[in-house]
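Q:
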Amino acid sequence: MNPSSDQILVIDPSADDREKLVAYLTGKGYFVQTAKSLETAHLLTFEEPPDLIFADVPSEQIELLPFFDGEKRSPLVIVSIAETAGDVVACLRAGAQDFILKPVRDYEKLDSVIHRTLDQIRLAKLNKRLRSELEERNRKLREGIHELRTDQKAGLQVQLKMLPQRQKELNGFHFDHIIRPSLYLSGDFLDYFRLDDHRVLFFFADVSGHGASSAFVTVLLKNLSARLLRNYRRQSSDDISCPVKFLKRLNQELIVSDLGKHLTVFAGVLDQFKRTLTYTIGGHLPLPILKTPEGTEYLDAKGVAVGLFPEPEFERVVRDLPPKFNITVFSDGILEVLHNDTLKEKEKLLLDVVSKQQGGIESILTSMGLDDIDELPDDIAVLTVCDQDDS
């Protein structure tokens, strides 16, 4: 406790009593102002209301005291003569904190009253300051969250513009996709575009994590694929036309960028003339699903996630395509919303859903109950590819 920082107001019509109390309080180190009446007390100026008021006034005049307006008031201790216990009770009911009888002889009680009252006022001031600081922090937090949401919404618009057109026909193949981010930004990314008049490249990537840091990698992926496509058309590089070379270039870019991110990816080249799919997989789960008139199966290939190792190896696989086929690729976020216990059961469910599905990409999500989920635990993306005549 630091008495010199505490202000006390003494109001007493008796000069002798007033001087004795003031002498005792100043001797204790308190800053004291005095008034002989309510009128003179109202003329006093304080930078802040006094921490404590000692006053000799009857109960009916307590409401007239300065700094005593009901809601915001300084603690009051009545120092007076009480003819009956009813006088004391009346003062306490009117708002006094305590009552000390004149003449003051019990200074231990006086000290106790002062300490208790000032401790209460200090605690109240501390609570008020902490509440004010908390409100200010909450205000700044709300502003920060609002700014973050605004930035992420803007980032989402950038991501959406990077994605290819839905329901797109390329060289006789029909492509469609849908992405549902768990946050505003997504770590899932896909693209498809013509290599020449009979071949189409398509890829599907799932960046580790989600949110802004993962979304940055999707920008890198878009820029890399666009750059490699330009190089291919200039005949300076064929990396984009070969899924294995494409993944190795992407792996190199991620390691050099030092973003601390990796991704799983499926990349394939469809050849309309040869009726083939040439693909490779970089650690992607669940595996892509191929549906044909002969049945529905997972497409497999050996390969690790991209961005983890300096010299990874990826398997190149070539599959002949029948007249009618459908390829469906899911991000691993789909596994988070399936209620089956094991990965094997979830993979079987995905095969069954794709095998029985007759509608578009939205109907796949509907059949798995995703329309009823408001908050997704992870980003979910789906890509479908089929013959144009079978779309």
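Numbering (the numbering used here), first residue to last: -18 to 372. Ideal placement from N, C-alpha and C gives every residue a C-beta, glycine not left out.
1. Mapping DSSP to helix, strand and coil, what is Q(-12)?
2. Drop a sphere of 10 angstroms on the beta-carbon of G249, count the other beta-carbons inside from all chains shown, and report buried for 16 or more, exposed for fewer.
3. Distance, Cα to Cα, R300 vs L235?
4. Taking the alpha carbon of S348 as the reference point, which residue from V318, I262, C367, L33 has its own alpha carbon closest?
5. Assign H243 to one of three DSSP states: helix, strand, or coil.
6. According to DSSP, what are the bridge partners of R161?
7. Could you say if the segment 107 to 116 and the segment 213 to 224 meet the contact criterion of at least three C-beta pairs nearer than 8 Å?
8. Since R300 sits in a beta bridge, which residues does DSSP pair it with?
9. Kindly indicate which residue of L25, G10, Y11 has the alpha-carbon position closest to the one of K17.
10. Applying the criterion that 16 or more other CB atoms from any shown protein chain within 10 Å of the CB defines a buried residue, is T365 buried or exposed?
11. Can you tell which of V188, F174, F156 has the C-alpha that lies nearest to the C-alpha of I221?
12. Take the Cβ of R(-1) as the centre, count every other Cβ of all protein chains shown within 10 Å, and call the residue buried at 16 or more, exposed below.
13. Taking the alpha-carbon positions, what's the V363 to N307 distance?
14. With distances taken from CA atoms, which of K329, V287, E292 is nearest E278?
15. Leaving out the 5 sequence neighbours to the left and right, which residues in its chain are closer than 8 Å to K1 when beta-carbon positions are compared?
16. Thinking V38 and T15 are a contact (beta carbons under 8 Å), I'd like their distance in whole angstroms, please.
A: With the given structure in hand:
1. One-based indexing of the sequence shown puts residue -12 at position 7. Q(-12) falls in the strand class under three-state DSSP.
2. Locating residue 249 in the sequence shown gives position 268, counting from the first residue. Looking at its Cβ environment, which holds 16 or more other Cβ atoms inside 10 Å, G249 is buried.
3. The residue you call residue 300 lines up with position 319 of the sequence shown. The residue you call residue 235 lines up with position 254 of the sequence shown. Going from the Cα of R300 to the Cα of L235 covers about 29 Å.
4. Sequence index remark: in the sequence shown, residue 348 carries index 367 (1-based). Among V318, I262, C367, L33, the Cα nearest to that of S348 belongs to V318.
5. Counted from its first residue, the sequence shown places residue 243 at position 262. H243: coil per DSSP, three-state reduction.
6. Counting from one through the sequence shown, the residue named residue 161 turns up at place 180. In the DSSP output, where bridge partners are listed per residue, R161 has I361.
7. no
8. In the sequence shown, residue 300 corresponds to position 319, counting from 1. For R300, which the question treats as bridged, DSSP gives the partners L258.
9. One-based indexing of the sequence shown puts residue 17 at position 36. It is L25.
10. Residue 365 sits at position 384 when you count from the first residue of the sequence shown. The residue in question, T365, is buried, as its Cβ has 16 or more Cβ neighbours within 10 Å.
11. On the sequence shown, position 240 is the one that residue 221 refers to. Among V188, F174, F156, the Cα nearest to that of I221 is on F174.
12. The residue you call residue -1 lines up with position 18 of the sequence shown. Buried.
13. The count along the sequence shown starts at 1 and reaches residue 363 at position 382. The count along the sequence shown starts at 1 and reaches residue 307 at position 326. Their Cα atoms are separated by approximately 13 Å.
14. Numbered from 1 along the sequence shown, position 297 holds the residue referred to as residue 278. Closest by alpha carbon: K329.
15. Reading the sequence shown from its first residue, position 20 is the one you call residue 1. So the list reads V85, once near-sequence residues are dropped.
16. To locate residue 38, count along the sequence shown from 1; it is residue 57. To locate residue 15, count along the sequence shown from 1; it is residue 34. The pair is not a contact, with the Cβ atoms about 14 Å apart (cut-off 8 Å).
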